[in-house]
Each structure stands twice: as structure tokens, then as C-alpha cells.
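K.L.:
Below is the structure I would like to discuss, written out as C-alpha cells.
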Amino acid sequence: MLRACFSCLFVAIVSLSAMAADGDPKQKVEAIASEYAASFNKQDGAGIAALFAAGGIHVNPAGPRSDIAEFYQGAFKAGFDHEEITVDQAWPLGSDMALAIGAYRLAGKNQNGAPIETGGIWTATYVTEGGKLKIRLLSAMPKPPPPKSEVA
27 MLRACFSCLF
37 VAIVSLSAMA
47 ADGDPKQKVE
57 AIASEYAASF
67 NKQDGAGIAA
77 LFAAGGIHVN
87 PAGPRSDIAE
97 FYQGAFKAGF
107 DHEEITVDQA
117 WPLGSDMALA
127 IGAYRLAGKN
137 QNGAPIETGG
147 IWTATYVTEG
157 GKLKIRLLSA
167 MPKPPPPKSE
177 VA
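Residue numbers (our numbering): 27 to 178.
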């Protein structure tokens, strides 16, 4: 039993060391976030989809989606044309996976020319595919509207 615990601990330490030796996971995730925002700002749904691993999924309040490029084409058609992404934290999950959390902000103009904006938090799981870290699962949750103030 004790030997099994030490074996697990050893594997965990080696996995964390491998990811650390390979580079800071936050820096890797920030590089992906930068590519993601650049593709969004160019209205390049295919560019965003290329950042996802095979079978990658995007989950938002409407549900899970695997048609990443089509999903973003819908956002562009709605008038969103600018995205800002921050990476708050990132952690290695073994030598070939990572987990991260951050915030996003989308802006643009609707069909009538009125400004539109939304934002929230995101979480993502990354896997190594083809020697490169890619998004396996991205969840985006919009910020809830501010509470209505009550007048006494």
C-alpha cells in the first residue's frame, strides 16, 4: 500500500516536472489565447477551430458544440468582431495536459449599428496533439447581469 502511494507521488512529481521543463503552462495558454483573439478579431472561425484538438468541444449556456468554425461564424454574423482574453491561472495536468481559467470580453455592433458587448469567464482543458498544446474542452459562462437595486 505504501509502495503504491509512493509510486503515485513519484508519477505526479515527474509529470509536473515534465510540464515545467517544457515551459510554463500559463505562457503556453496565453499564447493560445493570443492566437484565439487574433483569429476572432480577423473573423476567422477556421483559425479558431484549428486551435482545438480533434473532437474538441465548446460549451456555453446554449450547450456543447463541436462545430467550432460554424459556431463562430454565427457570432460574427451577429456583429461581434472584437475579443479580449485574459488568462488568470493555468496548471499542468501531467506532462501533456493543462487546465486554465480566465476572462473574456466580446464587442461589436448589431445589424442596426448599435454597440453590443458581452463577457464572462472561461475554463479550458488542453491536451497535446501533434506536439502542440490544443484546446480539448472550452467552457464559457457569461457574467450575470448586475442585480437590480431595490428602491425603498
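Every residue, glycine too, gets a C-beta built ideally from N, C-alpha and C.
May I have a chain-ordered list of the beta strand (DSSP E) segments no shorter than 3 residues that lie completely inside the stretch 57–145?
P.N.:
78–86, 89–91, 106–118, 123–135
K.L.:
Taking G89 as the reference, which of P170, G139, P172, L163 has the closest Cα?
P.N.:
What you label residue 89 is simply residue 63 of the sequence shown in a count that begins at 1. Ranking P170, G139, P172, L163 by Cα distance to G89 puts L163 first.
K.L.:
Please state the DSSP three-state secondary structure of P173.
P.N.:
The count along the sequence shown starts at 1 and reaches residue 173 at position 147. Correct three-state label for P173: coil.
K.L.:
Among P118, Y62, E143, whose alpha-carbon lies nearest the alpha-carbon of A104?
P.N.:
The count along the sequence shown starts at 1 and reaches residue 104 at position 78. Of the listed residues, the one whose Cα sits closest to A104 is E143.
K.L.:
Inspect the beta-carbon positions of D107 and G134 and report whether they are closer than 8 Å.
P.N.:
Taking the sequence shown and counting its residues from 1, the one referred to as residue 107 is at position 81. Taking the sequence shown and counting its residues from 1, the one referred to as residue 134 is at position 108. Taking 8 Å as the cut-off, the beta carbon of D107 is found closer than this to the beta carbon of G134.
K.L.:
Give the straight-line distance between the Cα atoms of A63 and A72, rounded to the nearest whole angstrom.
P.N.:
Counting from one through the sequence shown, the residue named residue 63 turns up at place 37. Counting from one through the sequence shown, the residue named residue 72 turns up at place 46. Near 13 Å, if we compare the C-alpha coordinates of A72 and A63.
K.L.:
So the candidates are S92, A101, A124, I111; which of them puts its Cα closest to the Cα of P51?
P.N.:
Translated into the one-based positions of the sequence shown, residue 51 becomes position 25. If we check each option's Cα against that of P51, A124 comes out closest.
K.L.:
Distance check for A59 and T149, CA to CA, integer angstroms please.
P.N.:
Your numbering for residue 149 matches position 123 in the sequence shown. Your numbering for residue 59 matches position 33 in the sequence shown. The alpha-carbon atoms of T149 and A59 are separated by roughly 12 Å.
K.L.:
Going by the beta-carbon positions, is the gap between S95 and I74 smaller than 8 Å?
P.N.:
As a working mapping, residue 95 is identified with position 69 in the sequence shown. As a working mapping, residue 74 is identified with position 48 in the sequence shown. Correcting the residue type first, residue 95 is Ala in the shown sequence and not Ser. With contacts defined by Cβ atoms closer than 8 Å, A95 and I74 form a contacting pair.
K.L.:
Beta-carbon within less than 7 Å of E61's beta-carbon, same chain only, minus the 5 sequence neighbours each way: which residues are those?
P.N.:
Your numbering for residue 61 matches position 35 in the sequence shown. Around E61: L77.
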